[in-house]
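Residue numbers (the working numbering): 14 to 342.
Glycine included, C-beta positions come from ideal geometry on N, C-alpha and C.
All of these numbers come straight from a predicted model, not from anything done at the bench.
To start, the structure under review is shown below, and the notes come after it.
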């Protein structure tokens, strides 16, 4: 056999061996075994702690995946069954449905990195105080990995549904400012009161609108204002207070503690009015340094566009505080 022939045979043999090696290796890559690591990174539910009978509350279930999966199944069980379940946003689920008994919500997904399932739950009208609804979210990835999240909603029977306070964050010495308190109740109530206490007596108090309170008066010392109503569902108390002008300096504050009572239920919260030469800047200043930084200035500009109670003077005060680099209180 000539040397050329031997060389040719050797090349053919080498090619055959190489092809065989590639052919053997290829299926191994295509049929790689799935990872043994759990791809479910986290499962969290955003669930309100309490709800009134008949309330509708929003729940968000967020699932984060770290790795490749082919299928994600979510089953949330309600114990006991709720009055109604409404899916708000299933985040692209291939299947998203609620059982007729309103005791289970099911959703399925394909290859995902993160999903958020948002839905509303209606609490039964006849639910009693201290009843609970347990929400158990069972998450399964590729029928191999499971994770569970459990949260509970406790039924409360709150007479006071909401209290809102409109109190200016800042004022100059001697200023007269307006304060508004609104209380919303779940039903008409025969005994409702709002009491504002001033840690430091103010110079003057004037009631602007007591919403037909049966009693509405300020103490002679100007350290407390009280108003009472009967058979009402929503009430609003508006008054003006004048801050002292003498012996006052920037940084001094006037704390107002508001107590709303309806039948046997009460709620209390406090607010402060801080004395400043640029009162509009107080709300946007760092509470520790008293300075308005870039973030505070951006917040002021945003509120000026979106809030009716933030006017041009407030924005100018915030800008002055930002430019000065000095504390505004």
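- Here the alpha carbons of residue 207 and residue 332 stand approximately 36 angstroms from one another.
- For the stretch 78 to 145, the continuous beta strand (DSSP E) assignments of 3+ residues that do not extend past its boundaries occur at 85 to 92, 97 to 102, 108 to 111, 117 to 122 and 127 to 135, in sequence order.
- Taking 8 angstroms as the cut-off, the Cβ atoms of residue 98 and residue 132 count as close.
- Its chain contains 272 as the residues whose beta carbon lies nearer than 6 angstroms to that of residue 281, once the 5 sequence neighbours on both sides are disregarded; these appear in chain order.
- Bridge pairing for residue 59: 73 [DSSP].
- In this structure, residue 95 sits near residue 136, with a CB-CB distance shorter than 8 angstroms.
- Spatial neighbours of residue 210 in its own chain (CB-CB distance under 6 angstroms, excluding positions within 5 residues in sequence) are listed in chain order as 237 and 270.
- Closest by C-alpha distance to residue 342, out of 267, 292 and 55, is 292.
- Under the three-state reduction of DSSP output, residue 319 falls in the helix class.
- Counting along the chain, the unbroken alpha helix (DSSP H) around residue 337 starts and ends at 325 to 337.
- Taking C-beta atoms as the reference points, residue 183 and residue 296 count as a pair closer than 8 angstroms.
- Where residue 175 is concerned, the enclosing beta strand (DSSP E) starts and stops at 173 to 179.
- Per DSSP, the beta-bridge partners of residue 158 are 154.
- Contact between residue 235 and residue 256 does not hold, since their C-beta atoms are separated by about 11 angstroms, which reaches or exceeds 8 angstroms.
- The beta carbons of residue 78 and residue 181 sit no closer together than 8 angstroms.
- Fully enclosed alpha helix (DSSP H) runs of no fewer than 4 residues occupy 307 to 319 of the stretch 258 to 319, in order along the chain.
- In the structure shown, residue 203 adopts coil according to DSSP, grouped into three states.
- In this structure, residue 172 places its C-beta atom within 8 angstroms of the C-beta atom of residue 198.
- Taking one beta carbon from each stretch, the stretch 157 to 168 and the stretch 107 to 127 have fewer than 3 pairs nearer than 8 angstroms; the two do not touch.
- About 5 angstroms separates the beta carbon of residue 196 from that of residue 176, a gap short enough to meet the 8 angstroms contact definition.
- Annotation: residue 127 to residue 89 spans about 17 angstroms, alpha carbon to alpha carbon.
- For residue 170, the secondary structure class from DSSP, reduced to helix, strand or coil, is coil.
- The continuous beta strand (DSSP E) containing residue 255 extends over residues 245 to 255.
- Bridge pairing for residue 219: 253 [DSSP].
- Judged by DSSP secondary structure, residue 228 falls within the beta strand (DSSP E) whose first and last residues are 228 to 231.
- The Cβ neighbour count for residue 154, taken over all protein chains shown within 10 Å, is at least 16; the residue is labelled buried.
- Rounded to whole angstroms, the gap between the alpha carbons of residue 275 and residue 158 is 50 angstroms.
- For residue 237, the enclosing beta strand (DSSP E) covers residues 237 to 242.
- Contact check for residue 66 and residue 170: beta-carbon distance about 7 angstroms, within the 8 angstroms limit, so the pair qualifies.
- Within the DSSP secondary-structure output, residue 211 pairs in a beta bridge with 269.
- In terms of Cα proximity to residue 156, the closest of 103, 216 and 122 is 122.
- Looking at 249, 288, 277 and 268, the one whose alpha-carbon comes closest to that of residue 262 is 288.
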